[in-house]
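**Q** Take this structure first; my questions come after.
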Amino acid sequence: MSDEKLPKSEISRRKFVTGALGVTAGVGVLSLASVVGALKPAKRPPTAEQKPPAAGDVLVHAGDTNKGQPIKVSELKPDGQMIKAWPKGEVVKDQNDNNLLVLFRYPEGTLKEPTKMEDTAQGIVVYGGICQHLGCQVNLKDDGSLLCPCHSGSYDPKAGGEVIGGPPPRPLPQLPIEIKDDQIVVKSYYVRPRYGESVSDWQANRAEAEKGGA
Amino acid sequence: MNQWLDERLHISRLNDKFLRKAFPVHHSFFLGEITLFALVILILSGILLTFTYEPSTKLVDGVPAAYASILKINSMPFGDMLRRIHHWSANIMVGAAVIHMFRIYFSGAFKRPREINWWVGFLLLIFSALTAVTGYCLPYDQFAFATLKVIYGITSSVPFIGGWLAELFFAGAFPGEGIISRFYGYHIMLLPGILLGLTAVHMLLMIKQKHTQPGYAAKIAYKKIVGVPLSTQQSIIMIILFVLMTAIIVLFSAFIPVHPVEVYGPPSNSTPAIKPDWYLLWIFGILAIMPPEFIHLPEDPTLITPTQQALATLFNPEFIGAMLIPGLILAPVMLAPLLDRGKENLYYAENPTEHPKRLALGLAWCALMIVLSVAGYKPEIQTAFENARGVAEMGAEAASAAKIQIENQVKMMLYAAIVVFPIIIYILTFGIVRMIKNSRESDAREMKAFQEMLAREAEQGHGHGGHGGHGRAHGHDD
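The following block contains the structure:
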């Protein structure tokens, strides 16, 4: 046996190879981990087009034909039809699909609790148009309720966006508005967190939005 | 030429080891081959699609490049056909794999010594479904956008690490710029690589362990491998099957369109009603009937305590509905070989009716999947009920109350069906199998009695025929 000839302090060939393999494998895996970490890109601050709505933003049409034009109150019929809108500060904030807003105008007196009445104007109420369940865009049904096309969450836009069916965990977030010069202007941030927003994010965004203009 | 090759590559040894492998002759043994051939067609059509597809979300003429390139493929000669062939093959691959798995399960072929191959096959099915999902995100139309957003949401719903995981897998916050090129990498490199590796293991294990033999093989030569060799008999059958399958897929693709991207259009601000492909409908169904919340949070977000928030994050319906429950439903499938307590190696495929418990459990599981898939049609069911009750003619107040009531009823019915339907199927299967077994046994008993009687008659000569006839009638009453 060759091992017997070795002085006691020296390690055997087998032990050395095993140890070396272990160390190499360890270093290899560790360096791979850094590659995996790089798969998650660094968080960048939102661009002006991606920022959430802020006080003072004007609501503009999100439709194809008149995209980007401010919504005029005088042209809105009180028929409960859904109008999709983007908030517009210095630029139209259409690069974050969670910014999509839905706007309804009802005959006076149609809106009921728990709608925040002080945040509506002339029967016009505005909500975030993204379902609180898994983030799809809600559609208007014939009966005037909202239905999410993904997992059939439904909301009542006449009653503060309350969940009237399906899996959404909370009502649609109402966006407080006021009317200035025939245009619809954002008064302050959503009354509750919108889809994908944690409570702390919501509070931070609200504080940011109150400053307005951004 | 054979000799020239043999001198250099020792083909004859390959021939002995692999090309002479015996294939049992039974139609149900084609299911695995169909799955494999569908994968081959998928790879071939997929390679052709990559030549024109552009994995990018950058805008080209106002629409994302990925979407624009799909339109371009559609406008090429046979381009739309190519996409349909790819999509149809994917459906057929998953379908054949599922039925193949049924065959293995019901005939007991998953038992010792083939447990490892059952697990490899299970992984193959999971990764096939993942590959399919990453594939139908690639056209980047409104359907793909909504699908991506939903799976992003589901990934983020994993308690505590969800947000990090989602950003890792989807290349940043949704919709990141790199999302399509990332999914392209998953769909054409990572997942097919895994599928091919697992398929190779699946085949090698099958060659090493041999097919389970169909029952007839026991009668021909007990405990011997019976079948036709791969070269040349089985390979001819395989080629015929492959060509026939390709022909059928092309025929389907020519007449039945799948996923017309123009209907959905590029990502926009309106989502049409969407449903996933049939093999994921059950998870979709679970999500649709989940209760909105398990931990009730106060209405005012500022009043939510950290404990409540943590509990709500831990027990959120999306994670439970899209990951935990599906995991619990799939776990027994994976663990099936461990539930079998047999110590002997299995040679012959078993008759399902001789294992009533296994058969009944399998069918009850299928029943559960069917109920959950039907739950995916919840809004349609509700609309049908609303029409039946004439909700459209009611006043606004009454209508909305009726709708809420109908939704609750439909939900309750589905909940009940989830429990009751599988149980009924279990009991029914068990009963029918017991009946078959009883009638088989009584047939055998009667046959034996009859033969004994004949033998007695032959022994005793004439005179006792009337008595024997009585005995037979008696046997029938049993």
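Listed in order, the protein sequences are those of chains A and B. Under my numbering, the residue at position 136 of the first sequence is numbered 319, and the numbers go up by one with no gaps. Under my numbering, the residue at position 478 of the second sequence is numbered 487, and the numbers go up by one with no gaps. Glycine included, each C-beta is placed from N, C-alpha and C at the ideal position.
#1: Can the beta-carbon of F152/B be found closer than 8 Å to that of Y273/B?
#2: I want to see whether chain B comes within less than 8 Å of N282/A, judged by CB atoms only; does it?
#3: Using a C-beta cutoff of 8 Å, does K158/B count as contacting chain A?
#4: According to DSSP, simplified to helix, strand and coil, what is P238/B?
#5: Would V342/B and F131/B qualify as a contact pair, given that the criterion is a beta-carbon distance under 8 Å?
#6: What does S337/A pair with, by DSSP beta-bridge criteria?
#7: Of all the residues that make up the segment 275 to 288 of chain B, which are near chain A by a beta-carbon distance shorter than 7 Å?
#8: In three-state terms, what does DSSP make of R398/B?
#9: Within its chain, find whatever has a CB closer than 6 Å to the CB of S21/B; leave out the 5 residues flanking it on each side and keep chain order.
#10: Since G343/A contacts Q357/A with CB under 8 Å, what's their CB separation in whole angstroms?
#11: Who are the Cβ neighbours of E363/B in its own chain at under 7 Å, not counting the five residues just before and after it?
#12: Of the residues that make up the segment 373 to 398 of chain B, which ones have a beta carbon closer than 7 Å to any beta carbon in chain A?
#13: So, helix, strand or coil for R196/A, using DSSP?
#14: Taking 8 Å as the CB-CB limit, is P86/B close to chain A?
#15: For the segment 362 to 384 of chain A, which residues have a CB atom closer than 7 Å to at least one CB atom of chain B, in sequence order?
#16: Please identify the residue among I432/B, A393/B, H109/B, F38/B whose C-alpha is closest to the C-alpha of I415/B.
#17: Taking the alpha-carbon of K26/B as reference, which of D286/B, I216/B, E271/B, A401/B has the nearest alpha-carbon?
#18: From K370/A, L213/A, V321/A, pick the residue whose C-alpha is nearest to that of G303/A; which is it?
#19: Once the 5 residues before and after G474/B are set aside, which same chain residues still bring their CB inside 6 Å of it?
#20: Which residues of the segment 195 to 212 of chain B have a Cβ closer than 8 Å to any Cβ of chain A? Give them in chain order.
#21: Quick check on the burial criterion: 16 or more other C-beta atoms within 10 angstroms. Buried or exposed for P236/A?
#22: List, in order along the chain, the chain B residues whose C-beta lies closer than 9 Å to that of I347/A?
#23: Identify every run of the beta strand (DSSP E) within the segment 240 to 324 of chain A, keeping only runs that are complete inside it and at least 3 residues long; order them along the chain.
#24: I believe L222/A touches L177/B by the beta-carbon criterion, under 8 Å. Please report the beta-carbon distance rounded to the nearest angstrom.
#25: So which residues of chain A does E176/B contact, with C-beta pairs closer than 7 Å?
#26: Roughly how many angstroms lie between the CA atoms of I283/B and A105/B, to the nearest whole one?
#27: Flag S217/A as yes if its beta-carbon sits less than 8 Å from any beta-carbon of chain B, otherwise no.
#28: Touching or not, the segment 398 to 409 of chain B and the segment 460 to 472 of chain B, by the rule of three or more beta carbon pairs under 8 Å?
#29: Name, please, each residue of chain B whose Cβ falls closer than 7 Å to the Cβ of A245/A.
#30: Compare the C-beta of M343/B with all C-beta atoms of chain A and state if any pair is closer than 8 Å.
#31: By Cβ distance, which residues of its chain are closer than 6 Å to V103/B, with the 5 residues on each side in sequence left out?
#32: Quick check: is the beta carbon of D487/B nearer than 8 Å to any beta carbon in chain A?
#33: Report the neighbours of L317/A on chain B: residues whose CB is nearer than 8 Å to its CB, in chain order.
#34: Pick from V382/A, V346/A, N388/A: whose alpha carbon is nearest that of Q233/A?
#35: Can you list, in chain order, the residues of its chain with a C-beta nearer than 7 Å to that of T293/A? Leave out the 5 residues immediately preceding and following it.
#36: Quick check on S165/B: buried or exposed, where buried means 16 or more other Cβ atoms within 10 Å of its Cβ?
**A** According to the data block:
#1: Here residue 152/B refers to the residue found at position 143 of the second sequence. Here residue 273/B refers to the residue found at position 264 of the second sequence. Contact flag set, yes.
#2: As a working mapping, residue 282/A is identified with position 99 in the first sequence. Chain B, which has no Cβ nearer than 8 Å to the Cβ of N282/A, makes this no.
#3: For the purposes of this step, residue 158/B is taken as residue 149 along the second sequence, with counting starting at 1. So, interface residue.
#4: By 1-based counting over the second sequence, the position of residue 238/B is 229. DSSP places P238/B in the strand class (E or B) of the three-state scheme.
#5: As a first step, residue 342/B is located in the second sequence; it is residue number 333 there, counting from the start. As a first step, residue 131/B is located in the second sequence; it is residue number 122 there, counting from the start. Yes; because the gap between Cβ atoms is below 8 Å, this pair is in contact.
#6: In the first sequence, residue 337/A corresponds to position 154, counting from 1. DSSP output for S337/A lists L330/A, G348/A as bridge partner(s).
#7: The residues in question are N278, S279, T280, P281, A282, I283.
#8: Working through the second sequence from its first residue, we reach residue 398/B at position 389. Helix at R398/B.
#9: Numbered from 1 along the second sequence, position 12 holds the residue referred to as residue 21/B. These residues qualify, in order along the chain: D15.
#10: Numbered from 1 along the first sequence, position 160 holds the residue referred to as residue 343/A. Numbered from 1 along the first sequence, position 174 holds the residue referred to as residue 357/A. Q357/A and G343/A do touch by the CB rule: their CB atoms are close to 6 Å apart, below 8 Å.
#11: Locating residue 363/B in the second sequence gives position 354, counting from the first residue. Correct list: empty, nothing qualifies.
#12: The segment 373 to 398 of chain B vs chain A, Cβ under 7 Å: K387, P388.
#13: In the first sequence, counting from the first residue as 1, residue 196/A sits at position 13. When secondary structure is reduced to three states using DSSP, R196/A falls in the helix class.
#14: In the second sequence, residue 86/B corresponds to position 77, counting from 1. False, the Cβ-Cβ gap to chain A never drops below 8 Å.
#15: Those residues of the segment 362 to 384 of chain A that come within reach of chain B (Cβ to Cβ, closer than 7 Å) are R375, P376, V382.
#16: Looking up residue 415/B in the second sequence gives position 406. I415/B has its Cα closest to that of A393/B, out of I432/B, A393/B, H109/B, F38/B.
#17: Position 17 of the second sequence, counting from 1, holds the residue named residue 26/B. Comparing C-alpha distances from K26/B to each of D286/B, I216/B, E271/B, A401/B shows the shortest one belongs to I216/B.
#18: Indexing the first sequence from 1 puts residue 303/A at position 120. Looking at the sequence provided, one finds Thr at residue 303/A rather than Gly. T303/A has its Cα closest to that of K370/A, out of K370/A, L213/A, V321/A.
#19: Indexing the second sequence from 1 puts residue 474/B at position 465. With a pLDDT of 47 at G474/B, under the threshold of 50, the modelled position of that residue is not reliable, and no figure is offered here.
#20: If the cut-off is 8 Å between Cβ atoms, the segment 195 to 212 of chain B has nothing near chain A.
#21: Residue 236/A sits at position 53 when you count from the first residue of the first sequence. Buried is the call here.
#22: Here residue 347/A is taken as the residue at index 164 of the first sequence, counted from 1. Neighbours of I347/A on chain B, chain order: S409, K412, I413, E416.
#23: Runs of the beta strand (DSSP E) lying entirely within the segment 240 to 324 of chain A and spanning at least 3 residues, in chain order: 241 to 244, 266 to 271, 284 to 288, 307 to 311.
#24: One-based indexing of the first sequence puts residue 222/A at position 39. One-based indexing of the second sequence puts residue 177/B at position 168. Taking C-beta atoms under 8 Å as the contact rule, L222/A and L177/B qualify, at a distance of about 6 Å.
#25: Along the second sequence, read from residue 1 onward, the residue named residue 176/B stands at position 167. Result: K223.
#26: The count along the second sequence starts at 1 and reaches residue 283/B at position 274. The count along the second sequence starts at 1 and reaches residue 105/B at position 96. Each residue's CA atom was taken as its position, placing I283/B and A105/B some 25 Å apart.
#27: Working through the first sequence from its first residue, we reach residue 217/A at position 34. No - not a single Cβ of chain B is within 8 Å of the one on S217/A.
#28: Not touching, per the Cβ criterion.
#29: Your numbering for residue 245/A matches position 62 in the first sequence. In chain order, N278 make up the part of chain B whose C-beta sits under 7 Å from the C-beta of A245/A.
#30: Within the second sequence, residue 343/B is the residue found at index 334, counting from 1. Not closer than 8 Å to any Cβ of chain A, the Cβ of M343/B fails to qualify, so no.
#31: Here the question's residue 103/B lines up with position 94 in the second sequence. Taking V103/B as the centre and dropping the five residues before and after it, the same chain places the C-beta of S137, Y288 closer than 6 Å to its C-beta, in chain order.
#32: Indexing the second sequence from 1 puts residue 487/B at position 478. Low local confidence applies: a pLDDT of 40 at D487/B is under 50, so the model's placement there is unreliable, with the coordinate-based value given in what follows. Contacts with chain A at 8 Å (Cβ-Cβ) do not include D487/B.
#33: The residue labelled residue 317/A in the question sits at position 134 within the first sequence. Per Cβ cutoff of 8 Å: K158, V159, G162, I163, L296, E327.
#34: To locate residue 233/A, count along the first sequence from 1; it is residue 50. In terms of CA proximity to Q233/A, N388/A leads the group V382/A, V346/A, N388/A.
#35: As a first step, residue 293/A is located in the first sequence; it is residue number 110 there, counting from the start. Excluding sequence neighbours, T293/A sits near G306, K341.
#36: By 1-based counting over the second sequence, the position of residue 165/B is 156. Flag for S165/B reads buried.
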